[in-house]
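The structure appears right after this line, and notes come after that.
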Amino acid sequence: AQTVTQSQPEMSVQEAETVTLSCTYDTSESDYYLFWYKQPPSRQMILVIRQEAYKQQNATENRFSVNFQKAAKSFSLKISDSQLGDAAMYFCALIRKKSSGDKLTFGTGTRLAVRP
Amino acid sequence: NAGVTQTPKFQVLKTGQSMTLQCAQDMNHNSMYWYRQDPGMGLRLIYYSASEGTTDKGEVPNGYNVSRLNKREFSLRLESAAPSQTSVYFCASSGWGSSYNEQFFGPGTRLTVL
């Protein structure tokens, strides 16, 4: 069984500052993918960033970057230069690496507020 | 290219009523999924279809049925709705060999069962 844990139900950051959202996971698989999804009030699930477990280099997408620690099973998301539009629920998720038809395992989410 | 579409966006049912949530994708994906999202619990898989003609149970299948009508469409049916099925429902799809097994999500359906 796979589990994903997000221990911060809510976080707050000042506009233009940096914030880090935490995620830990557990899996018996050796190869898998990790994701951060953003869910704004519109409910749409938006993929923010993704990481393959076999790649040691941390993924980066513009202002978003991850700190992937495979041995510690940790996958945190760093948002730099926070903007008002970053306010949303953020979900960490895990999927096994297989051809298709496997489920995403989600954490319970972190609600991020951005203070102007 | 609409991606993943879901109908309806909102629905209110009375206990015991039935309804079908519709989902369609135009990305030629083989796999489709139904998740539900409840407050404080993230998204949980209800049913999925790895390929056309197959369906399998996920974590929380009780009270639901699914039909993979063709490659594009995957419907979720509530035969006798219960208040515990009040939730937001998401359909998703993914393709063979897609990068990172990425799943693409529809906009969701907010269902309230009174």
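Protein chains in written order, with this note's numbering: chain S, 1171 to 1286; chain A, -4 to 109.
C-beta: ideal position from N, C-alpha, C; glycine also.
Remember, it's a predicted structure, so these values are computed and weren't measured experimentally.
Within chain S, no residue has its beta carbon less than 8 Å from that of Gln80(A); the closest one is some 17 Å off. Contact annotation: in the segment 29 to 46 of chain A, residues whose CB is within less than 9 Å of a CB in chain S are Tyr30, Gln32, Gly35, Met36, Gly37, Leu38, Arg39, Leu40, Tyr43, Ser44, Ala45 and Ser46. Taking the CA atoms as reference points, Leu1217(S) sits about 15 Å from Pro1211(S).
Of the candidates Ile1219(S), Ala1263(S) and Asn1237(S), Ile1219(S) places its Cα closest to the Cα of Glu1231(S). Beta-bridge annotation (DSSP): Lys1268(S) is not paired with any residue.
Annotation for Thr1188(S): Lys1248, Ile1249, Ser1250, Asp1251 and Ser1252 place their beta carbon closer than 8 Å to its own, counting only its chain and skipping 5 residues before and after. By the CB criterion at 8 Å, Asp1196(S) and Ala1223(S) fall outside the cutoff.
The beta carbon of Lys1208(S) lies closer than 7 Å to those of Ile1216, Val1218, Ala1258 and Tyr1260 in the same chain, with the five residues before and after it left out.
By the neighbour-count definition (other C-beta atoms within 10 Å, threshold 16), Lys1273(S) is a buried residue.
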